[in-house]
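Participant: Below is the structure I would like to discuss, written out as structure tokens.
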Amino acid sequence: MHHSTHDLLSPVPGIARQLHSFHFGPRGAGKVYIQASLHADELPGMLVAWHLKQRLADMEQQGRLRKEVILVPVANPVGLEQVLLDAPLGRFELQSGENFNRRFVDLSDSIGDQIEGHLSQDPDHNLALIREYLRRGLDAHPAHTPLQSQRLTLQRLACDADMVLDLHCDFEAVEHLYTTPEAWPQVEPLARYLGVQASLLATDSGGQSFDECFSLVWWQLQQRFGKRFPIPQGSFSVTIELRGQADVSHALATQDCLAILDFLTHAGVIEGQPAPLPALRHPATPLAAVEPVMAPLGGLLVFHASPGQYLPAGELIAEVIDPLNDRVTPLRNSHAGLLYARSTRRMATAGMVVAHVAGEQVCRSGYLLGN
1272 MHHSTHDLLS
1282 PVPGIARQLH
1292 SFHFGPRGAG
1302 KVYIQASLHA
1312 DELPGMLVAW
1322 HLKQRLADME
1332 QQGRLRKEVI
1342 LVPVANPVGL
1352 EQVLLDAPLG
1362 RFELQSGENF
1372 NRRFVDLSDS
1382 IGDQIEGHLS
1392 QDPDHNLALI
1402 REYLRRGLDA
1412 HPAHTPLQSQ
1422 RLTLQRLACD
1432 ADMVLDLHCD
1442 FEAVEHLYTT
1452 PEAWPQVEPL
1462 ARYLGVQASL
1472 LATDSGGQSF
1482 DECFSLVWWQ
1492 LQQRFGKRFP
1502 IPQGSFSVTI
1512 ELRGQADVSH
1522 ALATQDCLAI
1532 LDFLTHAGVI
1542 EGQPAPLPAL
1552 RHPATPLAAV
1562 EPVMAPLGGL
1572 LVFHASPGQY
1582 LPAGELIAEV
1592 IDPLNDRVTP
1602 LRNSHAGLLY
1612 ARSTRRMATA
1622 GMVVAHVAGE
1632 QVCRSGYLLG
1642 N
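Here it is in structure tokens:
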């Protein structure tokens, strides 16, 4: 194992921040990148990463790793220190108000302009060429704030990986994941091993999140050059939502760690016989078919449905109760689907999204991500 330390831009004199990456296996034969807790108050992935760290070190000693695996257990030291009045605030940077998992650098246009005269009919040549210009572009990109410094450091570590796994969690949720329709055939075995209950697909959900900043650049280059040159899918990425924020336990982390290792064995990253593929719990569905259930006004939030329930259209999910005028407002889903996530809060405010239901019928377009 090789441990690397990456210095981030300091916000003021006297404060130093670093990212730590742990590198396992041989270099030059392919790369897998795994990070945890980019939203710093989402901690189940951090524990899974700790378990992975121990297992990968053993596998490296045994000579079982066929590709390099890079692990970043703490992907957001900037957000991890944001604790206000005993409340962790790891989703948004307090200085800018920006979501830590949005606005990663998009280099697809500039890379396309630079490589156009160097592409050939050899897909392996084009793969190496694009990765080289990705590295160059990110190395040359300036960072003017600590947040930009952190984003660029993470992108530089992952930009030439064959696969990128970004470990998150929701508020209260069952295990689910986000990836692209193009990557789904490669990601489906991971969904099976993890036992995810919702697999949500979108080529571009908006916001330039960490996972999509890798898959999108290859897709956009394919759209631009695919009729003239063979552009491979040089990287696929997936955001894994490891249930809810309170689901931090060794039992669950061990289960998820072993599922990821089974997937990596199935994908040929780890030498060995992969575990038999479990059944897929639910088919993949479009992210645009997810229905956000919103409270039209404020009040006490009392849930009647739990994550993991399949709901017919019109099912009572929650009530919003105004204790002053005794008004009770039922919240129901318009489309049938799986309730896969709900809020941890029990006081709704007007316009607040309290739950998400994964349906099959497309009901949204445009920007598909939450805040």
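Residue numbers for the sequence shown follow the numbering used here, so the first one is 1272 and each next one is one higher.
Idealized CB from N, CA, C, for every residue including glycine.
1. Out of H1521, L1609, P1594, which has the shortest C-alpha to C-alpha gap to P1554?
2. With 16 other CB atoms within 10 Å as the buried threshold, where does D1533 fall?
3. Give me the residue from D1597, P1563, G1569 with the minimum Cα distance to N1604.
4. Would you give the residue range spanned by the beta strand (DSSP E) that S1470 belongs to?
5. How do the region 1526-1544 and the region 1318-1337 stand: do at least 3 beta-carbon pairs fall below 8 Å, yes or no?
6. Which same chain residues end up closer than 6 Å to I1592 when comparing Cβ atoms and leaving out the 5 residues on each side of it in sequence?
7. Less than 6 Å between C-beta atoms, sequence neighbours within five positions excluded: which residues of the same chain meet that for L1731?
8. Using alpha carbons as the reference points, say which of S1292, V1458, I1386, A1584 lies closest to Q1421.
9. List the endpoints of the continuous beta strand (DSSP E) containing V1458.
10. Can you tell me which of I1305, L1390, H1310 puts its alpha carbon nearest to the alpha carbon of L1214?
11. DSSP state of S1381, grouped into three classes?
12. Which residues in the same chain as H1322 place their Cβ atom closer than 7 Å to its Cβ, once the five residues preceding and following it in sequence are excluded?
13. Is it buried or exposed for H1575, if we count other Cβ within 10 angstroms and need 16 for buried?
14. Can you confirm whether the region 1454-1464 touches the region 1632-1639 when touching is taken to mean that 3 or more C-beta pairs between the two stretches lie within less than 8 Å?
15. Is the beta carbon of Q1426 closer than 8 Å to that of F1507?
16. Between which two residues does the alpha helix (DSSP H) harbouring C1440 extend?
17. To the nearest whole angstrom, what separates the beta carbons of L1405 and C1440, a pair I think is in contact under 8 Å?
18. Which one of A1414, T1620, Q1385, A1399 has the shortest CA to CA distance from V1376?
19. Tell me whether E1446 is buried or exposed, calling it buried when 16 or more other Cβ atoms sit within 10 Å of its Cβ.
20. Once DSSP output is grouped into helix, strand and coil, what is the label at F1507?
21. Tell me which residues share the same chain as I1401 and place their Cβ nearer than 7 Å to its Cβ, disregarding the 5 neighbours each side in the sequence.
22. Got a sec, what are the start and stop residues for the beta strand (DSSP E) S1420 sits in?
23. Is the beta carbon of I1558 sitting closer than 8 Å to the one on L1428?
24. The alpha helix (DSSP H) with Y1404 in it runs from where to where?
Facilitator: So, to answer that:
1. Locating residue 1554 in the sequence shown gives position 283, counting from the first residue. Of the listed residues, the one whose Cα sits closest to P1554 is L1609.
2. By 1-based counting over the sequence shown, the position of residue 1533 is 262. Buried, because 16 or more other Cβ atoms sit within 10 Å of the Cβ of D1533.
3. Within the sequence shown, the letter at position 333 stands for residue 1604. Per the Cα distances, P1563.
4. Within the sequence shown, numbered from 1, the residue matching residue 1470 stands at position 199. From DSSP, the beta strand (DSSP E) with S1470 extends over 1469-1472.
5. yes
6. As a working note, residue 1592 is residue 321 in the sequence shown. Excluding positions up to five away in sequence, the list reads G1570, L1571, V1599.
7. Residue 1731 cannot be examined here, being either before or after the span of the chain that is shown, 1272 to 1642.
8. Numbered from 1 along the sequence shown, position 150 holds the residue referred to as residue 1421. Residue S1292 is the option with its Cα nearest to Q1421.
9. Start at 1 with the first residue of the sequence shown, and residue 1458 comes out as number 187. Run containing V1458: none in the beta strand (DSSP E); it sits in the alpha helix (DSSP H), 1455-1465.
10. Residue 1214 lies beyond the stretch modelled for the chain, which goes from 1272 to 1642, so this question has no answer here.
11. Position 110 of the sequence shown holds residue 1381. Reduced to three states, the DSSP call for S1381 is helix.
12. The sequence position of residue 1322 within the sequence shown is 51, counting from 1. Closer than 7 Å at the Cβ level, and outside the excluded window around H1322, lie A1524, T1525, C1528.
13. Position 304 of the sequence shown, counted from the start, is the residue given in the question as residue 1575. Exposed: under 16 other Cβ atoms inside 10 Å.
14. no
15. Translated into the one-based positions of the sequence shown, residue 1507 becomes position 236. Translated into the one-based positions of the sequence shown, residue 1426 becomes position 155. No. Outside cutoff.
16. As a working mapping, residue 1440 is identified with position 169 in the sequence shown. No alpha helix (DSSP H) contains C1440, which is instead part of the beta strand (DSSP E) from 1434-1441.
17. Here residue 1405 corresponds to residue number 134 of the sequence shown, with the count starting at 1. Here residue 1440 corresponds to residue number 169 of the sequence shown, with the count starting at 1. With a Cβ gap of about 29 Å, L1405 and C1440 do not count as contacting.
18. Position 105 of the sequence shown holds residue 1376. The shortest Cα separation from V1376 among A1414, T1620, Q1385, A1399 belongs to A1414.
19. For this step, residue 1446 is matched to residue 175 along the sequence shown. So E1446 ends up on the buried side.
20. Along the sequence shown, one-based indexing puts residue 1507 at 236. The answer is strand: DSSP assigns F1507 an E or B state.
21. Along the sequence shown, one-based indexing puts residue 1401 at 130. Excluding sequence neighbours, I1401 sits near I1382, I1386, L1492, G1505.
22. Position 149 of the sequence shown holds residue 1420. Where S1420 is concerned, there is no enclosing beta strand (DSSP E), although the alpha helix (DSSP H) it sits in stretches over 1417-1429.
23. For the purposes of this step, residue 1558 is taken as residue 287 along the sequence shown, with counting starting at 1. For the purposes of this step, residue 1428 is taken as residue 157 along the sequence shown, with counting starting at 1. Residue 1558 is actually Leu in this sequence, not Ile. Not closer than 8 Å, so no.
24. Translated into the one-based positions of the sequence shown, residue 1404 becomes position 133. First-last of the alpha helix (DSSP H) with Y1404: 1394-1411.
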